[in-house]
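Take the sequence shown: its position 96, counted from the start at 1, is 76 in our numbering, and no numbers get skipped.
Encoded as structure tokens, the structure appears first; notes follow it.
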Amino acid sequence: MFAIFDTLRYYRAWKSPRFRQICRYFDMTSKSHPLDLFDVRLLAAIQSNAELTQTELSQVVNLSAAQCSRRLDRLRSEGLIQNVVAILNPEKLGFSVVAHTLVSLRSHTEEGNAQLHRFIETAPEILECYSQTGDADFLMKIVASDLDHLSIFLERMIKVTGGLASVTSSIVLRTIKKSTELPLQIIQT
């Protein structure tokens, strides 16, 4: 009898809008739909070639085009698909220099961090930037048309931000592997 009463009490609480709102706030009931084999196949197919038609996707995934479309909509709404973009060839567009740059701050003040963050967000040469642990505070991937462009850019970054202790760049000589595809084959379904 106690178990039935307890279950009823939790069921009534769950039906309460306030309880559901609290659960959503703490992300207890709004867990994303678990991925099944079809979802993983669908994600693998579109991350390999986002230009596949619904018909081509349905053949690859072995589902109907309508099911693929519904699943893609769900995966987008759950945030698993962030964006679909074209990956451009930097060399053919004149960006022949890629540098991985480590940046260390002189002091970790709120103003210094904000100044560097503003610079990073507005500098188109910085393709990626990560705040990290270790000897340096930030790791940046920077593209430039040539070494002079890179040098001028780094000097500007040092002048504008002011509070940098060190800036160390490594120039990419040759790209061995470059991929945007996540290793979906290791996901357990």
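Yeah, the Cβ is synthetic: ideal placement off N, Cα and C, and Gly gets one too.
Burial state of L153, where buried means 16 or more other Cβ atoms lie within 10 Å: So L153 ends up on the exposed side.
Under the three-state DSSP convention, the category F6 falls into: A caution first: F6 carries a pLDDT of 45, below 50, which makes its placement in the model too unreliable to give a value.
Buried or exposed (CB count within 10 angstroms, at least 16 for buried), Y5: A caution first: Y5 carries a pLDDT of 47, below 50, which makes its placement in the model too unreliable to give a value.
Rounded separation between T9 and Q165 - CA only: With a pLDDT of 40 at T9, under the threshold of 50, the modelled position of that residue is not reliable, and the figure given next carries that caveat. The alpha-carbon of T9 is positioned some 28 Å away from that of Q165.
Residue burial classification, L96 (beta-carbon count within 10 angstroms, cutoff 16): L96 is buried by the Cβ-count criterion.
Proximal residues to A145 (C-beta, below 7 Å), its chain only, five neighbours per side dropped: Annotation for A145: S84, L85 and R86 place their beta carbon closer than 7 Å to its own, counting only its chain and skipping 5 residues before and after.
Residues bridged to C109 [DSSP beta-bridge criterion]: According to DSSP, C109 bridges with M120.
Nonlocal neighbours in the same chain, by C-beta distance under 6 Å from L22, ignoring five residues either side: Residues V41 and R51 of the same chain have their beta carbon placed closer than 6 Å to that of L22, with the five preceding and five following residues left out of the count.
Between the CA atoms of A66 and R54 - distance to the nearest angstrom: It is roughly 22 Å from the alpha-carbon of R54 to the alpha-carbon of A66.
Close-in-space but distant-in-sequence residues of the same chain around V140 (CB under 7 Å, 5 per side omitted): Within the same chain, V140 has close Cβ partners F99.
Contact set for L127: own chain, Cβ-Cβ below 7 Å, skip 5 residues either direction: Cβ within range, chain order: V77.
Assigned exposure category for D7 - 16 Cβ within 10 Å defines buried: Per-residue confidence for D7 stands at a pLDDT of 46, beneath the threshold of 50, marking its modelled position as unreliable; the derived number appears in the next sentence. Residue environment: D7 is assigned as exposed (fewer than 16 neighbouring CB atoms within 10 Å of its CB, all protein chains considered).
L85, enclosing beta strand (DSSP E) - first and last residue: For L85, the enclosing beta strand (DSSP E) stretches over residues V77 to L85.
First through last residue of the alpha helix (DSSP H) which encompasses S150: Per DSSP, S150 belongs to no alpha helix (DSSP H); it is in the beta strand (DSSP E), L144 to I151.
For T160 and S49, the rounded distance between their alpha carbons: Take the alpha-carbon of S49 and the one of T160: they are about 23 Å apart.
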